[in-house]
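Read through the structure below, which is laid out as structure tokens, and then see the notes.
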């Protein structure tokens, strides 16, 4: 009976340790996912910053995601497509980028045509975008 009780206690200790290991492993996985997501957000913000800088200097530029990666960004296409998609979506939503859906099925991006913003206004709005997205609200 005493040995049975002791074996039961040891069993609970081992189960408790196993659960703690699983929880710790799960927390490491969650932290890794959060880090990866933050990195992706950082990549998208970096791409957005470079896109708006390019458009501030080249107001008539217009290109696809592939062209943006290859010609507008100094890294020559090193950005992941997901980061570029997120950057263009965010810039479009903020009014800094216009999407043009061409007859060939491709989407091209440019600085908004007929925008009320002059070059200085465009730069100021781009700076506000970067500032806002660099400091997201905390929950």
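In our numbering, the protein residues as written are 6 to 144. A virtual CB, placed ideally from N, CA and C, is assigned to each residue, including glycine. Here the structure is a predicted model, which means the values were calculated and not measured.
* Asked: What's the C-alpha gap between residue 54 and residue 131?
  -> 8 Å
* To do: Tell me whether the beta-carbon of residue 125 lies closer than 8 Å to the beta-carbon of residue 88.
  => no
* Option in 137, 110, 136 and 104 with minimal Cα separation from residue 66 -> 104
* Asked: Are at least three pairs of beta-carbons, each pair with one atom in the stretch 107-121 and one in the stretch 69-86, less than 8 Å apart?
  -> yes
* To do: Throw me the rounded Cβ distance for the residue 102 and residue 134 pair, which I believe falls under 8 Å.
  => No, residue 102 and residue 134 are not in contact; Cβ-Cβ is about 10 Å, not under 8 Å.
* Asked: Would you call the CB atoms of residue 138 and residue 94 closer than 8 Å?
  -> no
* Asked: Whose C-alpha, out of 63, 90, 59 and 118, is nearest the C-alpha of residue 78?
  -> 59
* Asked: Where does the unbroken beta strand (DSSP E) through residue 114 begin, and where does it stop?
  -> 112-115
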